[in-house]
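*Asks:* The opening position of the sequence shown corresponds to residue 4 in this note's numbering, with each subsequent residue numbered one higher. Built from N, CA and C at the ideal position, the CB exists for glycine as well. Quick one: structure below, then a few questions.
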Amino acid sequence: MPTAQKSAPALTDTPKLPLKGHLSHWTCRNAAETALAVISKAQKQPGLVIFLTENMANANQYHSLFKFFSDDQLPILTFPEWETLPYDHFSPHQDIISQRLTTLYQLPSLSNGVLILPISTLIQKVAPHPFIEKFTFLLQKGDEIEIEPFCQQLENGSYKRVSQVMEHGEFAIRGSIIDLFPIGSKTPYRLDLFDNEIDSLRSFDPETQRSIDTIDAIELLPAKEYDLTAEGISLFRQNARHHFGENVRNTQLYQSVTQNQTLDGLEYYLSLFHTDVATLFDYFPENSLFFSETDIGAGIQHTWQDYQERFDIAQHNPDYPLLKPQELILSESDVFSELRAFHRIQLQNAADDKDSIQFNTQSVPDLTLQTNSDYPFAKLVAFIDQYHTQSSKRILYCAESTGRRETLLTLFGSTPQLKAKLPKQIESWSDFLNNTDPFQIVVGPLEESILTPDFCILSETQIFGQTVIQKRRRKRKHSEFENGISNLIELEVGDPVVHFDHGVGRYLGLETLSLQNEETEFLMIQYASDAKLYVPVTSLHLISRYTGASAETAPLHKLGSDKWEKAKRKAAEKAHDVAAELLDIYAQREAKPGHAHTTDDDAYTRFSANFPFEETPDQQAAIEAVLDDMHQPKPMDRLVCGDVGFGKTEVAMRAAFVAAYSGKQVAVLVPTTLLAQQHLDNFKDRFADWPIRIEGLSRFQTAKQTQQILEAVKNNQVDIIIGTHKLIQNDMQFGNLGLIIIDEEHRFGVRQKEQLKKLRTEVDVLTMTATPIPRTLNMAMNDLRDLSIIATPPAKRLAVQTFVQDWNPDTVKEACLREIRRGGQVYLLFNNVDKIDYMAEEMQALLPDAKIEVAHGQMHERELEKVMQDFYHRRFHILVCTTIIETGIDIPTANTILIHRADKFGLAQLHQLRGRVGRSHHKAYAYLFTAGKSLMTKDAEKRLTAIAKHDTLGAGFMLASHDLEIRGAGELLGDGQSGQIQEIGFGLYTEILERAVKALKSGNQPELNTQLHSGAEVDLGVPTLIPETYLPDIHTRLVFYKRIASAGDENALQELQVEMIDRFGLLPPQVQNLFTATLVKLKLDALNLKKCEASDSMIRLQFGNQPNIDPLALIQLIQNHPKQYQLKGQSELKYFDDFPEVSQRLAAINLLLTTIANKESAC
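Written as structure tokens, this is what we have:
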């Protein structure tokens, strides 16, 4: 690398350029230097800077870097690839189309800015600007629109009508409410019409569907790059006949477009929809400046080769005749002919001629942290002394995330030589330029460092080596809303449901019945012998989805028989036993003092910093909970559950470090010798730099070796001992045992479990399991068993296009190429460790240019970590792996998964594996390959059909997880519980268990016969339903019925009304009546009244057993107004008067209930 010359310019002071048409060369050491130089030029340059990259992955990297170095005033645009293979029968994700059309719309009006694009998109022919202008229109508050013509206008712009708007290019109409997600917009918008006038315009959150802000105007761009209006279709037909001959009329392509059907892959027929297509050069201003980080000619040739190869393969499909490559992309000579009109700068890492401009920068020396040294930051301290102290130059540290920034600051604070030089936290690069502090720290995307005569930017990688940052997915709110309704969403006719009073039946849909001239909607359930039960929508809190077995094997109870009551009673008895046993252990733990560990913060921080991944939120919470438990003076008993991956092991290692470092011994107990050996290797790797002795006990050792280890453990000479159940046999003696870590306890036998039960009351116990424990069960357990769940949940919507087919090398090759071309990566799941290397070789033969690696659970943890780190940092394309990736780290760029022999996996596991791919702006693909129908069981076929149908991981994931829920329940409560759960359903079982726990904790005996209070019945003599005309979608209607019926108080009802008005418009009278009836029901429940009937002349109240009323007030009321009030026996009160309006009935009921209420009760 040449040293910087004295005359070399500074990165932030870029040189003047020669005339247009000239080619210059700039030398930058790395991407960070390149980005700073380009942005410095762009901020001074009038006109557009066009930055060409080799591929989309590099474009995304530079986009992040340019954003970091620029201010908010400089527009930075991208023009992404379609992310499909040439001539694909897939269309790009709507978010990509949105980004492309937004850029095309903005380009002609830009006076300066940066456009980043790969060479493959520079040469694509694109939609002409007049087309974009023609279908772009402005909507403002106060505008008048007619709904039908407006719909037509949106459809002409290729917007798609849906029931609920979630993605770009969609719109929905519900009465006077119009929801739409404009192309190029960050959020969707809601138009509220008053007659035909736009009364209000609001942005809303697509996840919650709730409004966010009020705005004045929105701009609508077309939703596709081709024209699907009658005019566009006519042009397409004319051009298609001209190109392909009259026979084209018989093709599926021609017929589908003629019938205005949107076909996937129409982008590759763009020129047929327009009189003249444009190129990007038509959009670029004359004073544009080009930068290229790659060889333009080679990039064009590579793209042409791709198009030609795909054309040769796909041209024989008679239903889809193809346009030749030259009709879709520019040739190399065309591109260079256009480039002659602009100045161009070729970027390179090393100067290859004397004319290349080299900047005044130097290489940063090795500053890596030495964790095993007494002075881990010696290299960094020496560098600072030389660079800053001698000449007062400034240093900016750049951390990859806020979490990593805190780690750096903690480490610096605990290092004496760096304590006085703690960096000041700043928010951006411009903050650094605008102040003079010598040491500063910022969060940014830099992986490389920059060293100049004036300042130095040190990336975190320079100090720590590379870490893996978990990009935060949107946190799921485990809200009352989600818990309340997730079990009814997507309910299909025929699905098993549980009615608390009548047992398991089959859901038949919603039906509106007219009773006494009032319309009410009922949920219909079918029971044995074809008996039907109609459940009023106000009682939907009694209904839950059945999970506990597959739909085919779920029980079907008989109405009126006592079988259901017996099943409930038996489950309640079992739940009581479980709760009592857990409470007993809990009480013993509370009574016995334990050891409170102390933590050396400095040593612990250094140990943690060696973990090469950033902790996920769940993992961080689990670590904090474990350490908090260990610091308490009572025995810990915590269960950490999370699937196969890196999550749990790190929690165990942190706990082991704290215990061993504070002088206590740690026993790690595993069910198999193989696992013991694996843990031993992993622990030795992780603790290599620390003075901690680790030994293993297994059958591989001789009797003499075993004896020596046992002696060393007894004499407190071993800090961490790893082994199978030998560790808890009677002859095992510890010198100073402080922590037991148990892996997969459910795989131990009954005797060992009993032994462990005793230990739980004496030392800290940390149990790890890969079986997911459902959160609902976790809540039911409350604090009887401390649980940490590591399962950073999948984002709400992960649309993954799913294909089920036999293994086919051509399909495999195509799927991999599609992903690699767009800068992405591929998981190939092959769950056979013995043959996995052979599979990797086969893949290499199929894709000779692809870089391929292997990952499985029998590898050393360090080796596995390195492979996963390399995959995260995109150092190879395809990971051939086992189910070890089921949870593990998020790889945002891996968006295709191929699953070999998918028929061998359970439904829940397939959902989990498919959840590894899929992000909002990348179309994700899952290929489930089977071995052919003859080798598949009927069950496997059903599972694969189900997963292909549910391509959104929302409620579908919950439905599939019932088999895991049962395994999880067995794990937590003992295997004897599974039968009870299967009989009455998982939801009801957890409810009964929660009641038993609560009763026992408060010192009461749980009543085994107690019914779930089904709530009072209310009949106000008016229709109470959500009309189909107001809310047409049956699933959404069902969800709102359930949420209204489950509302706990008046505030919750009020909140629901606000949400419904926001989403669907003003409430019709029937819906207002439904809320009124539910409010009355809440008041009746508070007083333990069974029923309230109201008509225009009478109100009738029916009392339950032990009503919560004031008998004296009731008697006084009847004595004072004998004509108006009548008591019938002990159970009924009638009140006569005129109540023609619902509001009058409500007021009368409120007054009556307030009068007779026991004054200590709140109505």
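On the three-state DSSP scale, how would you describe L20?
*Replies:* For this step, residue 20 is matched to residue 17 along the sequence shown. Residue state, collapsed to three classes: coil.
*Asks:* Tell me, please, which residues DSSP counts as bridged to W29.
*Replies:* Counted from its first residue, the sequence shown places residue 29 at position 26. DSSP output for W29 lists L350, I360 as bridge partner(s).
*Asks:* With distances taken between CB atoms, is the gap from I119 to Y192 smaller than 9 Å?
*Replies:* For the purposes of this step, residue 119 is taken as the residue at position 116 of the sequence shown. For the purposes of this step, residue 192 is taken as the residue at position 189 of the sequence shown. Result no, Cβ atoms of I119 and Y192 do not sit closer than 9 Å.
*Asks:* Starting from Q46, follow the alpha helix (DSSP H) in both directions and report where the run begins and ends.
*Replies:* Within the sequence shown, numbered from 1, the residue matching residue 46 stands at position 43. Taken as a continuous stretch (DSSP letters only), the alpha helix (DSSP H) holding Q46 covers 34–47.
*Asks:* Going straight from the alpha carbon of H305 to that of A934, what length do you get?
*Replies:* By 1-based counting over the sequence shown, the position of residue 305 is 302. By 1-based counting over the sequence shown, the position of residue 934 is 931. Whole-angstrom Cα-Cα distance: 35 Å.
*Asks:* Note down the Cα distance separating E84 from R1046, rounded to an integer number of angstroms.
*Replies:* Stepping through the sequence shown from its first residue, residue 84 is reached at position 81. Stepping through the sequence shown from its first residue, residue 1046 is reached at position 1043. Each residue's alpha carbon lies about 43 Å from the other.
*Asks:* Please return the same chain residues whose Cβ sits closer than 7 Å to the Cβ of A1116, not counting the five positions on each side in sequence.
*Replies:* On the sequence shown, position 1113 is the one that residue 1116 refers to. For A1116, where only same-chain residues beyond five positions count, the Cβ hits under 7 Å are T1158, I1159.
*Asks:* Could you tell me the distance, in whole angstroms, from the CA atom of M735 to the CA atom of N718?
*Replies:* Indexing the sequence shown from 1 puts residue 735 at position 732. Indexing the sequence shown from 1 puts residue 718 at position 715. Rounded to whole angstroms, M735 to N718 spans 12 Å at the Cα level.
*Asks:* Give the range of the alpha helix (DSSP H) segment to which I299 is assigned.
*Replies:* Here residue 299 refers to the residue found at position 296 when the sequence shown is read from its first residue. Segment 299–317, the alpha helix (DSSP H) holding I299.
*Asks:* What is the rounded straight-line gap between the Cα of I352 and the Cα of L88?
*Replies:* Counting from one through the sequence shown, the residue named residue 352 turns up at place 349. Counting from one through the sequence shown, the residue named residue 88 turns up at place 85. Here the sequence assigns Asn to residue 352, which means Ile is not the residue at that position. Whole-angstrom Cα-Cα distance: 31 Å.
*Asks:* How should D152 be labelled, buried or exposed, when 16 other C-beta atoms within 10 angstroms of its C-beta is the threshold for buried?
*Replies:* Position 149 of the sequence shown, counting from 1, holds the residue named residue 152. According to the sequence provided, residue 152 is Pro. The question's Asp does not apply to it. Classification for P152: exposed.
*Asks:* How close, in whole Å, do the beta carbons of D767 and L742 come, if the pair is a contact with beta carbons under 8 Å?
*Replies:* One-based indexing of the sequence shown puts residue 767 at position 764. One-based indexing of the sequence shown puts residue 742 at position 739. About 5 Å; that satisfies the 8 Å criterion.
*Asks:* Quick check on H319: buried or exposed, where buried means 16 or more other Cβ atoms within 10 Å of its Cβ?
*Replies:* As a working mapping, residue 319 is identified with position 316 in the sequence shown. The residue is exposed, with fewer than 16 neighbouring Cβ atoms inside 10 Å.
*Asks:* Cα-Cα, which of S340, Q212, W693, K19 is closest to I360?
*Replies:* Here residue 360 refers to the residue found at position 357 when the sequence shown is read from its first residue. Answer by Cα proximity: K19.
*Asks:* Where do the N-terminal and C-terminal ends of the beta strand (DSSP E) with Y928 fall, by residue?
*Replies:* Translated into positions along the sequence shown, residue 928 becomes position 925. Per DSSP, Y928 belongs to the beta strand (DSSP E) from 927–933.
*Asks:* Give the straight-line distance between the Cα atoms of H965 and G909, rounded to the nearest whole angstrom.
*Replies:* Stepping through the sequence shown from its first residue, residue 965 is reached at position 962. Stepping through the sequence shown from its first residue, residue 909 is reached at position 906. Summary for H965: the model assigns pLDDT 48, below 50, so the residue's position carries little reliability; its value from the coordinates is reported in the next sentence. Approximately 11 Å, taken between the alpha carbons.
*Asks:* According to the neighbour-count rule (16 or more other Cβ atoms, all chains shown, within 10 Å of its Cβ), is Q710 buried or exposed?
*Replies:* In the sequence shown, counting from the first residue as 1, residue 710 sits at position 707. Q710 comes out exposed.
*Asks:* Reducing DSSP to helix, strand and coil, say where N159 ends up.
*Replies:* Working through the sequence shown from its first residue, we reach residue 159 at position 156. Residue state, collapsed to three classes: helix.
*Asks:* Below 8 Å, can you find three or more Cβ-Cβ pairs linking the segment 48–55 to the segment 287–296?
*Replies:* Touching, yes.
*Asks:* Can you give, in chain order, each stretch of the beta strand (DSSP E) that sits fully within the segment 706–734 and has at least 3 residues?
*Replies:* As far as the segment 706–734 is concerned, its whole beta strand (DSSP E) runs of at least 3 residues are 723–726.
*Asks:* Measuring straight from C-alpha to C-alpha, what distance separates E521 and T1027?
*Replies:* For the purposes of this step, residue 521 is taken as residue 518 along the sequence shown, with counting starting at 1. For the purposes of this step, residue 1027 is taken as residue 1024 along the sequence shown, with counting starting at 1. Using only the alpha carbons, I get a separation of about 8 Å.
*Asks:* When we look at the beta-carbon of F616 and count the other beta-carbons within 10 Å, is it buried (16 or more) or exposed?
*Replies:* Counted from its first residue, the sequence shown places residue 616 at position 613. Burial call: buried.
*Asks:* In angstroms, rounded to a whole number, what distance separates the CA positions of G487 and S1049?
*Replies:* Translated into the one-based positions of the sequence shown, residue 487 becomes position 484. Translated into the one-based positions of the sequence shown, residue 1049 becomes position 1046. At G487, the pLDDT of 38 sits below 50, so the modelled position is not reliable and the matter cannot be decided from this model.
*Asks:* Tell me where the beta strand (DSSP E) around F806 begins and ends.
*Replies:* Taking the sequence shown and counting its residues from 1, one reaches residue 806 at position 803. Per DSSP, F806 belongs to the beta strand (DSSP E) from 803–809.
*Asks:* So K1084 and V1021 are supposed to be a Cβ contact under 8 Å. How far apart are they, rounded?
*Replies:* As a first step, residue 1084 is located in the sequence shown; it is residue number 1081 there, counting from the start. As a first step, residue 1021 is located in the sequence shown; it is residue number 1018 there, counting from the start. K1084 to V1021, Cβ: 5 Å. Contact.
*Asks:* Taking the alpha-carbon positions, what's the Y830 to L275 distance?
*Replies:* Taking the first residue of the sequence shown as position 1, residue 830 is located at position 827. Taking the first residue of the sequence shown as position 1, residue 275 is located at position 272. Roughly 37 Å separates the two Cα atoms.
*Asks:* With a threshold of 16 other CB atoms inside 10 Å of the CB of E249, please say whether the residue is buried or exposed.
*Replies:* Walking along the sequence shown from the start, residue 249 turns up at place 246. Exposed is the call here.
*Asks:* On the three-state DSSP scale, how would you describe E856?
*Replies:* Taking the first residue of the sequence shown as position 1, residue 856 is located at position 853. In the structure shown, E856 sits in a strand (DSSP, three-state: E or B).
*Asks:* Report the partner residues of Y830 according to the DSSP bridge assignment.
*Replies:* Numbered from its first residue, the sequence shown carries residue 830 at position 827. Paired residue(s): L882, I900.
*Asks:* Taking the C-alpha atoms as reference points, what is the distance between P5 and L454?
*Replies:* Indexing the sequence shown from 1 puts residue 5 at position 2. Indexing the sequence shown from 1 puts residue 454 at position 451. Residue confidence is low: P5 scores 37 on pLDDT, short of 50, so the model does not pin down where it sits. No coordinate-derived value is stated.
*Asks:* What residues are listed by DSSP as bridge partners for F458?
*Replies:* By one-based count along the sequence shown, residue 458 stands at place 455. DSSP, once it has assigned bridges, lists R397 as partnering F458.
*Asks:* Applying the criterion that 16 or more other CB atoms from any shown protein chain within 10 Å of the CB defines a buried residue, is T232 buried or exposed?
*Replies:* To locate residue 232, count along the sequence shown from 1; it is residue 229. Under this definition T232 is a buried residue.
*Asks:* Does the segment 122–136 come within contact of the segment 65–75, defined as at least 3 CB pairs closer than 8 Å?
*Replies:* These segments do not touch.
*Asks:* Using C-beta distances below 6 Å, list every residue in its chain close to S665, excluding the 5 sequence neighbours before and after it, in chain order.
*Replies:* For the purposes of this step, residue 665 is taken as the residue at position 662 of the sequence shown. Once the five neighbours on either side are set aside, the close Cβ partners of S665 are H600, T601.
*Asks:* Any contact between the segment 421–433 and the segment 619–638? By contact I mean 3 or more CB pairs, one from each, below 8 Å.
*Replies:* The answer is no - the segment 619–638 does not touch the segment 421–433, with fewer than three Cβ pairs under 8 Å.
*Asks:* Pop quiz: A402 and E463 are said to be a contact at Cβ under 8 Å. What is the actual Cβ separation, rounded to whole angstroms?
*Replies:* Position 399 of the sequence shown, counting from 1, holds the residue named residue 402. Position 460 of the sequence shown, counting from 1, holds the residue named residue 463. Going by Cβ atoms, the distance from A402 to E463 rounds to 5 Å, so yes, they are a contact pair.
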